[in-house]
Structures are given as structure tokens and as C-alpha cells.
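For reference, each letter of the sequence shown is one residue, going 1 to 209 in this note's numbering.
Glycine included, every Cβ here is placed at the ideal spot set by N, Cα and C.
If you're wondering where the values come from, they're calculated on a predicted model, not measured in any experiment.
Notes for the one structure printed next.
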Amino acid sequence: MSFNYLYKFVIIGDSGVGKSCILLQFTDHRFQALHDLTIGVEFGARLIDIEGEKIKLQIWDTAGQESFRSITRSYYRGAAGALLVYDITRRETFNHLVSWLEDARQHSSKDLKIMLVGNKLDLDYKREVSYEEGLTFAQEHNLTFVETSAKSSQNIEESFIATSRMIHNHVKSGEFDIQNESTGITLVSSPVTLEELSEEKKKNGGGCC
Numbered sequence: 001m002s003f004n005y006l007y008k009f010v011i012i013g014d015s016g017v018g019k020s021c022i023l024l025q026f027t028d029h030r031f032q033a034l035h036d037l038t039i040g041v042e043f044g045a046r047l048i049d050i051e052g053e054k055i056k057l058q059i060w061d062t063a064g065q066e067s068f069r070s071i072t073r074s075y076y077r078g079a080a081g082a083l084l085v086y087d088i089t090r091r092e093t094f095n096h097l098v099s100w101l102e103d104a105r106q107h108s109s110k111d112l113k114i115m116l117v118g119n120k121l122d123l124d125y126k127r128e129v130s131y132e133e134g135l136t137f138a139q140e141h142n143l144t145f146v147e148t149s150a151k152s153s154q155n156i157e158e159s160f161i162a163t164s165r166m167i168h169n170h171v172k173s174g175e176f177d178i179q180n181e182s183t184g185i186t187l188v189s190s191p192v193t194l195e196e197l198s199e200e201k202k203k204n205g206g207g208c209c
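Rendered as C-alpha cells:
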């Protein structure tokens with residue numbers, strides 16, 4: 001299937017907040033309760049439609065452990081969007097958001113659009129961080145905000161699509177320099193298919209698209 005734009009995303013946050021589950025739910029529409037810890041980064045992709053145009057989201061799920069921070073930082077560069085994830089049942093993951101946010105903004109394009117995501121809404125009875133706290137943090141740091149459940153899929157679509165729509169609006173208004181690779185946005189002059197992109201990657205010695 002062909003697409004008009006490619007937007008690169010990263011998912012960041014502490015280990016165990018559900019980043020890999022969010023990615024799997026969005027790309028494969030399924031939940032896997034047991035996940036091995038992400039080593040470095042994992043990858044997923046999906047096509048979405050915004051205002052009649054096909055957008056390919058290329059999503060990098062990053063490791064949350066401190067030992068992988070240097071690897072994670074390299075993926076901030078060239079990202080158009082980010083999901084900053086915490087676990088609503090573990091306050092320490094919320095307390096670490098400032099550190100993650102500073103890291104992301106220091107190593108990314110100034111145009112990076114960030115959605116704050118409070119995950120594990122299905123465990124609301126174990127909640128340690130209120131919705132109001134998440135919303136206040138987002139407002140104070142100029143982020144958008146949503147609470148999700150990777151298990152039930154609640155608001156998973158919204159988290160990616162709303163962020164993509166923000167990016168797309170800026171692209172169409174000419175506010176982003178899409179000729180600059182650091183924006184994480186690729187305009188396909190004539191829509192290419194996923195198969196064509198895959199073949200091009202193979203020619204260049206790349207991996208999956």
C-alpha cells in the first residue's frame with residue numbers, strides 16, 4: 001500500500017510502563033501480557049489516514065533502563081513525534097518524567113511533538129497518580145495528554161493519531177522544514193509502496209522498513 005508521508009516516532013519512559021505493549025496494540029491490535037525487557041530499541045510501523053493522505057508511522061520503542069540511555073538518545077534525533085509514557089500505578093515512573101523530557105528536548109529537533117501518556121488505565125483501582133496530576137504536568141510542559149490502557153486498547157489509537165495530526169497540521173501550514181531530515185518527516189514526491197521501500201532498503205543494506 002502506498003503512502004504520502006513518513007513520520008518517525010519514539011516511545012520513551014521508564015522500564016515496565018507498557019511501551020512495548022502500546023506499540024504492539026497500535027500496530028498489531030493485540031495485547032501480550034508478558035514481554036521481555038526491551039534491549040536497545042524495538043521497531044513497528046503502521047499506515048494511518050489523515051485528511052485523505054496516507055501517513056506511514058515508523059515507531060521506535062526504546063529501552064527504559066538507565067544503561068541504555070545513550071542508545072535511546074540517538075533515536076531522539078530525527079523524530080517528529082514522541083509518546084512519553086508513565087504507569088499510573090507507579091508514582092516513581094511519574095516522578096522520572098522531568099528527566100525523560102529534558103533528555104528528549106535536548107537531543108531532538110525543536111519541533112518534536114510530545115504526547116504525555118498515563119498507561120495502565122485498566123488498573124485504575126491501583127492508581128497512584130491522579131488524572132489531574134498528569135494533566136497539570138502536561139500543561140506546565142506544553143505537552144498534550146491522554147490516559148491509556150494497552151490491555152483494553154483504550155485511547156491507544158488516539159495517542160498516535162492525535163500526535164500525528166498535530167505534526168501534519170504543522171507540515172501543511174509550512175511551519176516545518178521537511179527538507180531537513182532532523183524533523184523526522186519525509187515527503188514522498190510520488191507515493192511509494194511499502195514493497196518498494198523494502199526493496200530500496202535491501203539495496204542499501206538496510207533492515208526492515
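Beta strand (DSSP E) runs wholly inside the region 55-124, at least 3 long, in chain order: Segments of the beta strand (DSSP E) lying fully in the region 55-124: 81-87, 113-119.
Given Phe26 as reference, the closest of Asp14, His168, Asp61 once Cα atoms are compared: Taking Phe26 as reference, the option from Asp14, His168, Asp61 with the minimal CA-CA separation is Asp61.
7 Å Cβ shell around Val10 - same chain, five flanking residues per side excluded: Cβ neighbours of Val10 beyond the five flanking positions: Trp60, Thr62, Tyr75, Tyr76, Ala79, Ala82.
Neighbourhood of Val146 by C-beta distance below 8 Å, restricted to the same chain and skipping five residues each side: Contacts found: Met115, Leu116, Val117, Gly118, Asn155, Glu158, Ser159, Ala162.
Proximity of Asn95 and Lys54 at Cβ, strictly below 8 Å: Against a cut-off of 8 Å, the Cβ pair of Lys54 and Asn95 comes out as no contact.
Helix, strand or coil at Gly44 [DSSP, three-state]: Shown here, Gly44 sits in a strand according to DSSP, grouped into three states.
Cβ contact (3+ pairs, closer than 8 Å) linking the region 128-135 and the region 101-108: In short, these stretches do not touch, since the Cβ pair count stays below three.
Cβ pair Gly184, Lys8 closer than 8 Å: Their beta carbons are under 8 Å apart, which means Gly184 touches Lys8 by this criterion.
Contact set for Ala150: own chain, Cβ-Cβ below 8 Å, skip 5 residues either direction: Result list for Ala150: Gly18, Cys21, Ile22, Leu24, Gln25, Phe31, Asn119, Lys120, Ile156, in chain order.
Distance, Ala138 Cα to Lys110 Cα: Going from the Cα of Lys110 to the Cα of Ala138 covers about 17 Å.
Residue from Lys172, Thr186, Phe176 with nearest C-alpha to Gly52: The shortest Cα separation from Gly52 among Lys172, Thr186, Phe176 belongs to Lys172.
Straight-line gap, Leu84 to Asp14 (C-alpha atoms, nearest Å): Their Cα atoms are separated by approximately 9 Å.
Outcome for Phe211 when other beta-carbon atoms lying within 10 angstroms are tallied against a minimum of 16: Nothing in the structure corresponds to residue 211, since the chain is present only between 1 and 209.
Neighbourhood of Glu92 by C-beta distance below 8 Å, restricted to the same chain and skipping five residues each side: Excluding positions up to five away in sequence, the list reads Asp14.
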